[in-house]
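Have a look at the structure below before the remarks.
In the working numbering, the protein residues as written are -11 to 275.
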């Protein structure tokens, strides 16, 4: 009996055009009616995740910023962690020596540099994963200069490199120079910098403890390498059909791709036989 369903956003519940399908909404409603707690587990900022949650009619805690924040809203938080101001400044000082786009992901806005990088990845990301109304983005010529006058602490820093080799060189220098941070490597030269100990799995552990269920009573559906530890730890770990091979190998079950409504298909296959949790608890009491 599964009591919690954790869903990644991009590449999982959203199609490639950023749309949320009617079938996925219906699947989430179906699981909720069974009494299952449904949450989102994402690298997105909380405001962006909250917007998706609203479309799915979810009002519980969300795991955002790769697990650096677990909250219902910015004013209703279970957990948050940030990279302190001085450490953020030192990270930027190192990164500005490389050809990369840097985005400081504050809880209410992002601040990025204007450097041109091949593939224009930062522009693609701004368009696909945020909304200027809910989460404004400002670009400046030098982040280091701005941080001298206006220091900020952030839950996450996104960095986009033209080449993986340059990203790996920067990561090695950061590892040597900056304490108490972790780096999550993503495809296409992207790197995410988070406070040490932060991950989607760590966020999931905190949430299940908060609501009183075990990891074995959870289902995690995702498509990225950053989802892999949570997929492995869950009672049922599900990889999307569009996930990399190593994620599929780690999963208990592989569903269809996000373009083929993989979340809706998985729900139909695995939750249709599960009775409502409230009913099962009453039955257990009678026995």
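Even for Gly, the Cβ is constructed at its ideal location relative to N, Cα and C.
Could you give the DSSP three-state label for residue 183: helix, strand or coil?
If you number the chain shown from 1, residue 183 lands on position 195. In the structure shown, residue 183 sits in a strand (DSSP, three-state: E or B).
Rank -8, 1 and 10 by C-alpha distance to the C-alpha of residue 20 and give the top, closest one.
Looking up residue 20 in the chain shown gives position 32. With distances taken between Cα atoms, residue 20 lies closest to -8.
Identify the continuous alpha helix (DSSP H) that holds residue 134 and give its terminal residues.
Locating residue 134 in the chain shown gives position 146, counting from the first residue. DSSP places residue 134 inside the alpha helix (DSSP H), whose first and last residues are 131 to 137.
Residues that DSSP places opposite residue 101 in a beta bridge:
To locate residue 101, count along the chain shown from 1; it is residue 113. Per DSSP, 128.
Just checking my contact of residue 129 with residue 155 at CB under 8 Å: how many whole Å lie between their CB atoms?
Looking up residue 129 in the chain shown gives position 141. Looking up residue 155 in the chain shown gives position 167. The beta-carbon distance between residue 129 and residue 155, rounded to whole angstroms, is 22 Å. This is too long to meet the 8 Å contact definition.
Residue of 248, 58, 257 and 42 minimising C-alpha distance to residue 4:
Residue mapping note: residue 4 aligns to position 16 of the chain shown, counting from 1. Taking only the C-alpha atoms, the option nearest residue 4 is 248.
Drop a sphere of 10 angstroms on the beta-carbon of residue 57, count the other beta-carbons inside from all chains shown, and report buried for 16 or more, exposed for fewer.
One-based indexing of the chain shown puts residue 57 at position 69. Per the 10 Å Cβ criterion, buried.
Sorted by chain position, which residues of the same chain lie with C-beta nearer than 8 Å to residue 217's C-beta, five sequence neighbours on each side aside?
Position 229 of the chain shown, counted from the start, is the residue given in the question as residue 217. So the list reads 187, 188 and 189, once near-sequence residues are dropped.
Given residue 76, which residues of its chain have a CB within under 8 Å of its CB, disregarding the five upstream and five downstream residues?
Numbered from its first residue, the chain shown carries residue 76 at position 88. Non-local C-beta neighbours of residue 76 in its own chain, meaning closer than 8 Å and more than five positions away in sequence, comprise 92, 135, 139, 140, 141, 142 and 145, ordered along the chain.
For residue 18, the first and last residue of its enclosing beta strand (DSSP E):
As a position in the chain shown, residue 18 is number 30, starting the count at 1. Secondary structure note for residue 18: it is in no beta strand (DSSP E), and the uninterrupted alpha helix (DSSP H) holding it is 10 to 21.
Measure the alpha-carbon distance for residue 49 versus residue -6 and round it to whole angstroms.
Taking the first residue of the chain shown as 1, we reach residue 49 at position 61. Taking the first residue of the chain shown as 1, we reach residue -6 at position 6. C-alpha of residue 49 to C-alpha of residue -6: approximately 11 Å in a straight line.
Return the chain-ordered list of same chain residues with a C-beta closer than 7 Å to the C-beta of residue 255, the five sequence neighbours on each side being excluded.
Counting from one through the chain shown, the residue named residue 255 turns up at place 267. Within the same chain, 15, 18 and 19 come within 7 Å of residue 255 by CB-CB distance, once the 5 residues on both sides are set aside.
So the alpha helix (DSSP H) residue 250 belongs to, where does it begin and stop?
Here residue 250 is taken as the residue at index 262 of the chain shown, counted from 1. 250 to 258 is the extent of the alpha helix (DSSP H) around residue 250.
Going by DSSP, what residues sit across from residue 63 in a beta bridge?
One-based indexing of the chain shown puts residue 63 at position 75. Note: residue 63 sits in no beta bridge, so no partner.
According to DSSP, which residues form a beta bridge with residue 209?
Numbered from 1 along the chain shown, position 221 holds the residue referred to as residue 209. In DSSP, residue 209 forms a bridge with -5 and 226.
Beta-carbon within less than 6 Å of residue 35's beta-carbon, same chain only, minus the 5 sequence neighbours each way: which residues are those?
Reading the chain shown from its first residue, position 47 is the one you call residue 35. Result list for residue 35: 122 and 123, in chain order.
For the candidate residues 81, 191 and 234, whose alpha-carbon lies nearest to that of residue 133?
The residue labelled residue 133 in the question sits at position 145 within the chain shown. It is 81 whose Cα lies nearest to the Cα of residue 133.
Using a threshold of 8 Å, state whether the C-beta atoms of residue 166 and residue 89 are closer than that.
Stepping through the chain shown from its first residue, residue 166 is reached at position 178. Stepping through the chain shown from its first residue, residue 89 is reached at position 101. Going by C-beta atoms, residue 166 is not nearer than 8 Å to residue 89.
Span of the alpha helix (DSSP H), counted from its first residue to its last, around residue 197:
For the purposes of this step, residue 197 is taken as residue 209 along the chain shown, with counting starting at 1. Element bounds for residue 197: 188 to 199.
Looking only at C-alpha atoms, which of 215, 253 and 259 sits nearest to residue -3?
To locate residue -3, count along the chain shown from 1; it is residue 9. Distance from the Cα of residue -3 is smallest, within the candidate group 215, 253 and 259, for 215.
How is residue 140 classed by DSSP in three states: helix, strand or coil?
In the chain shown, the residue the question calls residue 140 occupies position 152. For residue 140, the three-state secondary structure derived from DSSP is coil.
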